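Heads up, the thing below is written out as structure tokens.
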Amino acid sequence: QVFTFNRVEIKVQPSVKVKNGAPMSIVCHADISKSTNFQLKHNFTIFKDGKLVFMTVSGKGDARYEIPVARSSDTGDYECTVEADGKAKSSNSLHVWVTGMTKPILIAEKKEVLEGEVVKLRCELPEEVPPLYFFFRKIKMNSTPKEKFVFEPHRNFSVMEFSVEEDDNILQFDCFGRRNVKLEFESSKHSNTTLVTVREPFIKPTLNAKPSSNITEGDRIQFECSTVVAQMRDIEIILQKNKTILSSVRDEKLLKYSAVATLEDSGEYLCKVEQGRTSKTTKLNVIVSELFPKPILAASMTKLDENKELTLNCSISGFQKANFSILRKNSNGDICLKNSGNLTIIVNVNDTGSYICKAEVKGIVKESKPVRINVYAPVSKPTLSVASGLPEVVLGKPLQLICRSVMGTPPITFRFYKGNEIKKTVINDTYATFLDKNITQNDKRGYKCDARNNHSSGMKTSNILNITVIVPIRNASLGSIPYGKVEDGSETVFLCSVNEGSWPIHFRIFRKTDREVLLFEKNENADRVMWRKEAMNRRDTGTYYCMASNRANVDVKSHPITISVVLAAWQKGVIAAFVLILIAGAVTLTLWWFLCKKKKGNECSALATNLTSEKLTRQHNDGDYYSGSGYIEDSENHMKSTDENKGPDLESAEVEYTEVEVSTLDPHREIDSVPIHFPAPVQKGTETVYSEIRKANN
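Quick note: the sequence shown, position 311, residue 311 per UniProt numbering, numbers continuous.
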């Protein structure tokens with residue numbers, strides 16, 4: 001009994017889209033191949049969205065899951081699995097969409113509410129599965145419905161509140177649902193319509209003005225605002241004008257407010273009654289006629305010198321019967337100068353300010369427009385100075401000038417001059433500044449400034465200010481005589497100069513070896529400075545440079561020069577003479593050797609003995625000696641050859657000659673203070689010296 005699953009299929013009848021309420025069948029079919037015709041038990045399992053919804057055992061190759069009334073909750077992905085004798089196979093997933101949602105049910109918490117309260121609603125989709133969207137609508141006669149929505153990811157119902165506003169009488173509410181199926185939205189039908197009745201907690205208030213809404217300033221006006229209340233609890237009446245609260249009462253049905261009318265009281269008044277969330281308003285327009293116009297303040301002069309006379313006059317056009325007063329404005333309160341329509345005073349600078357007058361008729365006080373009075377003290381003679389302090393400027397940099405007048409009432413007009421040319425005009429309180437960027441080296445024009453204000457005395461002019469233009473140092477250079485190599489002990493003259501720069505100039509000369517050493521410095525009213533250095537020595541060898549600066553405060557450095565201190569001519573002569581003496585001795589010694597080899601007998605031996613003894617004596621007395629390549633260590637051989645008591649006769653001895661190279665001493669070599677001895681002859685260049693060595697028999 002061998003079998004195998006070919007395939008497992010799942011399908012929906014009548015189709016994958018089924019209307020809500022219609023019957024629906026999910027059919028699972030297994031296609032199996034058998035070796036013989038034998039009976040096989042099949043376990044059918046059907047899943048929806050991964051959850052088990054149907055299971056059966058059958059000997060046939062088909063199984064059917066019947067849904068008599070399909071609902072939108074049956075929408076989902078279906079899959080079936082068939083198992084037989086230890087083998088199992090699953091079908092592909094199949095999406096089934098039950099179109100059309102159930103009609104929602106809407107319930108209102110109250111059927112009757114007051115203005116300012118809220119209506120609480122509950123909308124439910126009993127046969128739907130979340131997530132769902134719920135939409136609530138508030139419907140009022142002759143207006144567009146107000147709609148709100150709520151997303152419910154885990155419930156099939158939702159709750160919403162609507163506030164009841166003023167003028168809401170009879171309200172209707174409904175709701176509907178919406179869901180998302182495979183990125184497509186599907187909406188339900190609208191629910192039943194719920195009717196809610198609205199009652200007023202109080203009536204719209206009434207607002208009256210007594211004696212009338214048209215009155216004349218100076219008359220008393222009284223406002224009355226009233227309403228009818230269903231429940232006298234937490235009710236408030238407010239009277240406003242231009243958003244300003246004039247009066248208010250609580251837990252009362254009537255508000256009264258009175259005042260003396262002025263022109264400013266004209267306008268729109270509002271009475272508002274509030275209780276909880278409910279508020280109702282009533283408006284009233286009031287017109288107040290003018291009793292008399294505003295007074296006018298006139299001044300004899302608005303700008304005048306100190307110690308002059310000032311007259312102020314207050315009047316009302318076409319109206320004489322009024323009480324006048326003249327005042328000066330002050331931040332801490334107006335100062336009354338005189339209770340009259342006329343005022344005459346001798347002014348000083350402290351009287352500068354704003355003045356007003358007031359007029360009173362029947363308790364109505366009106367104020368004139370302010371009049372500005374300016375009292376001027378004359379300006380003092382200005383002083384012109386440089387901002388940096390000293391009357392000088394570096395060429396290429398700007399010059400900032402300050403013109404200041406100690407006395408004088410502002411505003412003061414300052415003018416700056418360069419020569420006779422006006423460069424700048426400034427209006428300020430006590431001082432002004434001017435920045436001159438066009439400074440030239442040969443500009444000889446002086447600066448001045450003048451100052452004036454509104455005082456009749458006129459203009460005051462400062463003294464002329466002359467400015468020194470400082471030219472910065474340019475191109476410093478250093479030279480010396482002699483230049484480069486200087487003899488030991490001789491004098492050297494250093495010359496530091498600049499191409500350009502204002503005097504005095506500060507010169508400095510440095511020597512740089514492993515560190516910088518200041519050798520010379522001097523302030524000079526010239527473009528160059530000379531320094532003599534006497535008795536130069538080896539320690540003065542090094543690099544020299546100079547630096548120059550002036551009041552421009554810029555150090556300019558020259559290119560360095562190198563000084564080498566060498567031996568003086570007389571020192572070279574002494575060394576040369578000593579070397580020549582040594583050379584002459586070497587020549588004499590060489591000649592002696594040539595003569596000695598031609599002679600026979602004791603005469604030559606005796607002479608060699610004497611010379612050798614003298615040579616050994618000098619070596620012993622001199623101590624350390626120069627052991628150059630030209631020195632021949634032959635004293636032992638000579639001592640042996642001069643001993644007459646030992647060995648055979650010298651005349652019978654054989655003579656051999658040895659060739660030796662002699663090195664040359666450099667005459668320019670630096671000579672230290674330690675004495676140097678030259679016992680061996682030294683020749684200039686390389687020469688051949690023949691030394692005679694006699695062979696003894698022993």
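Every residue, glycine too, gets a C-beta built ideally from N, C-alpha and C.
It should be emphasised that the depicted structure is a prediction, and the values quoted were computed from it without experimental measurement.
Assigned with DSSP and collapsed to three states, residue 592 falls in helix.
No Cβ-Cβ contact shorter than 7 Å links residue 522 with residue 510. For residue 337, the closest alpha carbon among the candidates 76, 314, 108 and 322 is that of 314. From the listed residues 431, 551 and 482, the smallest Cα separation to residue 469 is found for 551. Remark: C-beta atoms of residue 341 and residue 319 do not approach each other more closely than 7 Å. In the assembly as shown, residue 453 is a buried residue. Its beta-carbon has 16 or more other beta-carbons within 10 Å. For a cut-off of 8 Å, the C-beta gap from residue 240 to residue 210 is around 18 Å, too long to register as a contact. No Cβ-Cβ contact shorter than 7 Å links residue 174 with residue 163.
Within the DSSP bridge table, the entry for residue 299 names 312 as partners.
With respect to the 7 Å criterion, residue 382 and residue 462 are classified as neighbours on the basis of their beta carbons.
Annotation: the continuous beta strand (DSSP E) that includes residue 522 extends over 516-524. The beta carbon of residue 247 sits closer than 7 Å to the beta carbons of 239, 255 and 257 from its chain, once the five residues preceding and following it are set aside; these are given in chain order. A direct Cα-Cα distance of roughly 25 Å separates residue 480 from residue 472.
Using a 10 angstroms sphere on the CB of residue 223, the tally of other CB atoms reaches 16 or more, which defines it as buried. Residue 478 sits away from residue 530, with the two beta carbons spaced by 7 Å or more.
Looking at the DSSP output, residue 288 bridges to 215. The shortest C-alpha to C-alpha distance from residue 485 to any of 563, 505 and 75 is the one to 563.
In the assembly as shown, residue 278 is a buried residue. Its beta-carbon has 16 or more other beta-carbons within 10 Å. Runs of beta strand (DSSP E) with 3 or more residues, each lying fully within the UniProt domain "Ig-like" (382-466), are found at 383-386, 392-394, 399-404, 412-418, 421-428, 431-436 and 447-452, listed in chain order.
In the displayed model, residue 183 falls within coil according to three-state DSSP, outside both helix and strand. If you draw a straight line from the Cα of residue 276 to the Cα of residue 66, it comes to about 58 Å. Here residue 97 is near residue 181, since their CB atoms are less than 7 Å apart. Taking a C-beta distance under 7 Å as the contact criterion, residue 354 and residue 321 do not qualify as a contact pair. Scanning 134, 307 and 421 for the CA closest to the CA of residue 122 turns up 134. Contact annotation: residue 364 and residue 387 have beta-carbon atoms that are not nearer than 7 Å. Excluding residues up to 5 positions away in sequence, 23 lie with their Cβ nearer than 7 Å to the Cβ of residue 68 in the same chain. Residues of the same chain with a CB within less than 6 Å of the CB of residue 429, apart from the 5 flanking positions on each side, are 410 in chain order.
Under the criterion of beta carbons closer than 8 Å, residue 373 and residue 344 do not qualify as touching, at roughly 13 Å.
From the listed residues 51, 377, 158 and 155, the smallest Cα separation to residue 456 is found for 377.
For residue 319, no beta strand (DSSP E) run applies, since DSSP gives it neither H nor E. Residue 305 has its alpha-carbon roughly 12 Å from the corresponding atom of residue 350. Separation of the CB atoms of residue 218 and residue 291 is rounded to 5 Å, and the pair is thereby assigned contact status at 8 Å. With 16 or more other Cβ atoms from the protein chains shown falling within 10 Å of its own Cβ, residue 104 counts as buried. According to the DSSP assignment, residue 77 belongs to the beta strand (DSSP E) that extends over 76-84. Between residue 220 and residue 236, the C-beta gap is not smaller than 7 Å, which leaves the two residues out of contact. Excluding its 5 nearest sequence neighbours in each direction, residue 538 has C-beta neighbours in its own chain below 8 Å: 488 and 565, listed in chain order.
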